[in-house]
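J.:
Protein chains in written order, with this note's numbering: chain A, 152 to 599; chain B, 4 to 483.
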């Protein structure tokens with residue numbers, strides 16, 4: 152494995168972390184934390200069977216938080232020289248002179264530090280060169296465009312691969328570091344002439360070996376795009392709605408965000424103080440695991456060096472816990488759950504019903520495959536978004552639908568989940584099958 | 004060389020010990036025989052922000068980001084590399100990576116046109132030192148105090164003050180030599196109100212290219228706090244929004260996000276060169292009612308979306324997009340203008356040195372018409388009056404766009420009757436402006452908080468419009 156940050160650089164960064172923490176303490180800081188990241192990567196974009204852009208990614212940055220008692224200051228920079236790092240420390244200290252005492256501020260508890268953090272399988276550098284990536288993309292686009300004459304244009308194919316090195320250290324003598332990788336490929340096509348339609352397909356993985364075969368990507372993208380041709384609006388109605396596996400993870404992520412510590416202590420959540428409450432039907436269980444090999448949201452420790460662990464977030468419909476970092480945990484008087492930096496891999500339980508079976512069960516209603524806009528109010532749960540998808544009658548897809556909205560309140564929508572399908576979306580950090588909801592308001596119109 | 008270029012040279016390049024002739028040499032090497040254009044974009048961005056929550060200023064942030072992006076263009080192909088390590092050897096490495104795009108093509112060197120006008124739309128000074136830290140904190144505290152005094156139902160006040168100071172220096176192989184110093188400040192307040200009916204939120208913010216002293220203007224902080232609280236309290240009373248196709252009267256100012264989503268993105272040069280926009284091949288055609296004239300104008304002094312030069316060193320301008328309903332122009336950057344045989348319009352923008360430029364909007368707005376707001380509302384039998392919006396999104400190929408109202412009222416029999424819950428509005432870009440039947444006199448621009456995202460890149464923009472009436476838009480409520 153050839154790592155994009157070598158041993159020598161790692162020791163340089165570790166020494167830098169130590170020096171900065173030492174220096175901050177010398178200047179009177181009671182606590183300090185340091186984080187650093189280095190990313191390298193390649194993005195190629197091919198369109199109309201030729202390369203359009205070739206981008207070399209090369210970014211780095213470091214950040215420092217200092218605490219003077221209960222006051223804090225933060226500064227960061229992309230300049231990795233020692234001189235710049237010390238200037239950044241000065242800036243953080245300067246800011247801490249002006250912020251106010253905050254009872255809950257400070258590093259995470261010493262007893263929670265992941266000194267013995269595990270080594271996870273998250274780093275699989277692809278090592279693909281630009282020429283190979285370009286050829287792959289060209290072949291994928293060629294195959295996609297050749298499937299049907301109705302494919303009239305293309306937004307092209309992207310191939311991208313990134314490697315990151317992350318280091319976190321603090322004045323509890325914690326220092327952790329790890330490498331991650333991520334590769335992806337997507338294909339976006341256009342069908343039709345007068346009324347063009349666009350759709351896309353993508354594949355993403357920590358290990359490029361797990362990416363879909365470009366041929367499968369091409370076929371799927373073509374199929375999805377062609378299926379959009381002839382889309383029309385429908386009259387307003389109240390019908391069952393099936394969220395396809397592409398949009399189902401987003402629907403449940405809204406709940407996870409509402410359960411985050413920030414939204415809880417700010418009281419800006421529609422799931423306020425909901426631990427112990429039945430937010431979902433009893434057949435819904437959501438399990439969280441930070442240690443999944445090659446997991447898109449796996450991490451050996453959180454962004455504050457805190458030990459992470461697997462747990463049940465929703466058990467038989469009942470909320471089991473929030474997503475807390477040290478600050479929100481202190482605010483709420485609850486234990487830190489190791490979620491500084493976000494949630495980990497989430498797995499939603501599902502029925503044995505396939506997607507086709509869910510269409511049959513729905514019988515007549517709307518299948519939603521794409522959502523638009525940000526019409527979700529996390530304070531109230533009110534939900535109203537632009538949508539496109541397909542009209543379903545007698546359990547079968549009839550025609551593509553666009554220019555409609557779907558609306559409801561997330562609390563009601565969650566209670567009205569009838570089934571979760573077995574067609575689990577594995578390209579998301581929250582893995583769920585498609586979700587059938589009993590009834591939602593659909594707004595649309597019929598053109599003359 | 005203008006004094007601005009000289010001073011940026013002194014601030015940005017001199018400390019690195021890099022000379023213009025060394026950069027010229029890198030450009031020459033990138034050009035070789037096969038690349039027809041190359042440029043170097045140096046950028047240094049400083050950013051600070053202060054956050055108040057629960058009555059105290061809890062955190063402050065300072066960041067410094069600098070680097071250089073190197074681009075080589077060969078026909079329709081672009082090679083791009085960047086580095087935040089500003090040693091000459093790293094620049095040379097990045098130059099080799101960027102020029103590797105040109106392996107097979109051979110096109111003559113491009114000679115661009117360089118308008119010499121120097122715009123001066125905002126102060127060149129660093130905004131951070133315009134106020135002492137104590138004064139910045141005082142602004143946030145005033146917001147908090149005022150908001151809490153207005154109504155006991157105010158439970159949370161989150162206020163945020165931020166400033167950016169950006170320095171750019173650009174050299175292109177066609178002789179482009181340009182620099183800019185860009186301040187940008189912003190103040191936001193969000194409140195959560197709570198009563199027996201439930202909880203709601205309200206928001207107000209503003210800013211522009213200038214310094215923090217704009218927030219000291221008599222009563223401004225009070226005005227922001229009052230507006231956020233007012234909005235939250237209105238929403239506490241809101242009833243479910245209607246669902247279906249109906250006439251919509253859009254308020255002036257920020258609701259101009261309609262134009263940004265419905266037509267703005269669809270008129271960006273890249274999509275039209277590729278023929279992927281619902282507006283492709285439609286120049287000269289009617290795309291709006293005769294009441295509509297829409298411009299994109301990067302030359303408004305002090306506005307959030309304004310720039311002296313775009314990120315390719317080209318002066319911004321006022322571009323008429325739609326004139327009396329007829330599509331007149333697209334917005335262009337260097338690459339797309341050249342490939343389409345059109346003129347650059349000063350819309351080549353990039354999030355940072357680590358991103359490629361592309362055609363982006365600046366300040367996009369509709370010119371005023373002749374109606375009064377009251378006339379428009381009175382003309383509606385049953386419909387929606389929407390005055391405040393969150394974000395929006397568009398599918399430029401199908402033309403479908405959405406934007407989400409977060410303050411709206413029901414119009415019944417020509418009168419505003421009651422507030423309704425937030426709802427998403429959806430329409431079709433090439434059609435929606437055809438249904439604009441009345442345009443008001445009251446043109447207003449937004450307060451200066453807009454950020455536009457495209458292909459993962461965010462840039463500050465402005466929008467604006469007079470109050471206008473659209474005869475039919477789909478309102479995504481729950482009430483049938």
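Positions of the beta carbon are idealized from the N, C-alpha and C atoms, including for glycine.
With residue 165 of chain B as the anchor, note down where its beta strand (DSSP E) starts and where it stops.
T.: Looking at the DSSP string, the run of the beta strand (DSSP E) that includes residue 165 of chain B is 157 to 175.
J.: Taking a cut of 7 Å between CB atoms, which residues from the segment 9 to 22 of chain B lie near chain A?
T.: Within the segment 9 to 22 of chain B, no residue qualifies.
J.: Taking the C-alpha atoms as reference points, what is the distance between residue 290 of chain A and residue 367 of chain A?
T.: One C-alpha to the other measures close to 12 Å.
J.: Measure from the alpha carbon of residue 357 of chain B to the alpha carbon of each residue in B/59, B/97 and B/37, then state which is nearest.
T.: Answer by Cα proximity: B/97.
J.: Could you say if the segment 534 to 547 of chain A and the segment 509 to 516 of chain A meet the contact criterion of at least three C-beta pairs nearer than 8 Å?
T.: Taking 8 Å as the limit for Cβ pairs, the verdict is that the segment 509 to 516 of chain A does touch the segment 534 to 547 of chain A.
J.: Tell me whether the segment 394 to 414 of chain B and the segment 427 to 446 of chain B touch, counting them as touching only if at least three CB pairs, one residue from each stretch, are closer than 8 Å.
T.: The segment 394 to 414 of chain B vs the segment 427 to 446 of chain B: in contact.
J.: How would you label residue 415 of chain B, buried or exposed, when you count the other beta carbons within 10 angstroms and need 16 or more for buried?
T.: When all chains shown are included, residue 415 of chain B counts as exposed.
J.: Since I believe residue 587 of chain A is in contact with residue 391 of chain A (beta carbons under 8 Å), could you give me their beta-carbon distance rounded to a whole number of angstroms?
T.: With a Cβ gap of about 7 Å, residue 391 of chain A and residue 587 of chain A count as contacting.
J.: Against residue 555 of chain A, what residues of chain B qualify as contacts under a CB-to-CB distance less than 9 Å, listed in chain order?
T.: Within chain B, the residues near residue 555 of chain A are 429, 477 and 479.
J.: Which residue wins for smallest C-alpha separation from residue 429 of chain A, given the options A/401, A/446, A/465 and A/394?
T.: Comparing Cα-Cα distances from residue 429 of chain A to each of A/401, A/446, A/465 and A/394, the minimum goes to A/465.
J.: In chain B, what lies closer than 8 Å to residue 202 of chain A by C-beta?
T.: Correct list: 80 and 104.
J.: If contact is defined by three or more beta carbon pairs under 8 Å, each pair taking one atom from either stretch, is the segment 44 to 56 of chain B in contact with the segment 171 to 183 of chain B?
T.: Enough Cβ pairs lie closer than 8 Å, so yes.
J.: Whole-angstrom Cβ separation of residue 195 of chain A and residue 202 of chain A, contact assumed at under 8 Å?
T.: The Cβ separation is near 6 Å, so the contact holds.
J.: Flag this pair as touching only if the segment 273 to 288 of chain B and the segment 146 to 158 of chain B have three or more C-beta atom pairs under 8 Å; answer yes or no.
T.: Taking 8 Å as the limit for Cβ pairs, the verdict is that the segment 146 to 158 of chain B does not touch the segment 273 to 288 of chain B.
J.: Which complete beta strand (DSSP E) runs does the segment 334 to 421 of chain B hold, if anything under 3 residues is left out?
T.: Those beta strand (DSSP E) runs which fall completely within the segment 334 to 421 of chain B and span 3+ residues are 366 to 369, 385 to 397 and 403 to 415.
J.: With distances taken from CA atoms, which of B/468, B/434 and B/457 is nearest residue 450 of chain B?
T.: Closest option to residue 450 of chain B, Cα to Cα, is B/468.
J.: Assign residue 593 of chain A to one of three DSSP states: helix, strand, or coil.
T.: Here residue 593 of chain A sits in strand by DSSP.
J.: With DSSP as the reference, label residue 406 of chain A as helix, strand or coil.
T.: Three-state DSSP puts residue 406 of chain A in a helix.
J.: In angstroms with no decimal places, state the Cα-to-Cα distance between residue 437 of chain A and residue 320 of chain A.
T.: Distance between the alpha carbons of residue 437 of chain A and residue 320 of chain A: 31 Å.
J.: Taking only the alpha-carbon atoms, compute the straight-line gap between residue 3 of chain B and residue 228 of chain B and give it to the nearest angstrom.
T.: As displayed, chain B neither begins before 4 nor continues past 483, which places residue 3 of chain B out of reach and without an answer.
J.: Any beta carbon of chain B sitting closer than 8 Å to that of residue 530 of chain A?
T.: At least one chain B Cβ lies under 8 Å of residue 530 of chain A.
J.: Please report whether the beta-carbon of residue 213 of chain B lies at a distance below 8 Å from any beta-carbon of chain A.
T.: Chain A, which has no Cβ nearer than 8 Å to the Cβ of residue 213 of chain B, makes this no.
J.: With distances taken between CB atoms, is the gap from residue 435 of chain B to residue 162 of chain B smaller than 8 Å?
T.: It is not a contact, given that the beta carbons lie outside the stated cut-off.
J.: If you draw a straight line from the C-alpha of residue 522 of chain A to the C-alpha of residue 280 of chain B, how long is it?
T.: Spanning the two alpha carbons is a distance of roughly 19 Å.
J.: Grab me the residues of residue 311 of chain A's own chain with a C-beta within less than 6 Å of its C-beta, minus the 5 sequence neighbours each way, in chain order.
T.: If we look at residue 311 of chain A and ignore the five residues flanking it on each side, its Cβ neighbours are 194 and 335.
J.: From which residue to which residue does the alpha helix (DSSP H) around residue 236 of chain B run?
T.: That run of the alpha helix (DSSP H) goes 223 to 239.
J.: How close, in whole Å, do the beta carbons of residue 396 of chain A and residue 575 of chain A come, if the pair is a contact with beta carbons under 8 Å?
T.: Between residue 575 of chain A and residue 396 of chain A the Cβ distance is about 7 Å, and since that is below 8 Å, they are a contact.
J.: Taking just the CA atoms, how far does residue 203 of chain B sit from residue 340 of chain A?
T.: The alpha-carbon atoms of residue 340 of chain A and residue 203 of chain B are separated by roughly 41 Å.
J.: DSSP state of residue 416 of chain A, grouped into three classes?
T.: Looking at residue 416 of chain A - three-state DSSP - the assignment turns out to be helix.
J.: Tell whether a beta-carbon distance below 8 Å holds between residue 373 of chain B and residue 444 of chain B.
T.: The answer is yes: Cβ separation under 8 Å.
J.: Drop a sphere of 10 angstroms on the beta-carbon of residue 216 of chain B, count the other beta-carbons inside from all chains shown, and report buried for 16 or more, exposed for fewer.
T.: Exposed, by the Cβ-count rule.
J.: Identify the residues that DSSP records as bridge partners of residue 457 of chain A: which are they?
T.: A/264, per the DSSP bridge assignment.
J.: What first and last residue would you give for the beta strand (DSSP E) that runs through residue 321 of chain B?
T.: Unbroken beta strand (DSSP E) run through residue 321 of chain B: 321 to 326.
J.: Just to confirm the assignment, what range does the alpha helix (DSSP H) spanning residue 523 of chain A have?
T.: Note, residue 523 of chain A: premise wrong, no alpha helix (DSSP H); beta strand (DSSP E) at 516 to 523.
J.: Using only alpha-carbon positions, find the residue among A/578, A/178, A/337 and A/169 that is nearest to residue 187 of chain A.
T.: Nearest option by C-alpha distance: A/169.
J.: Can the beta-carbon of residue 314 of chain B be found closer than 8 Å to that of residue 360 of chain B?
T.: Yes.
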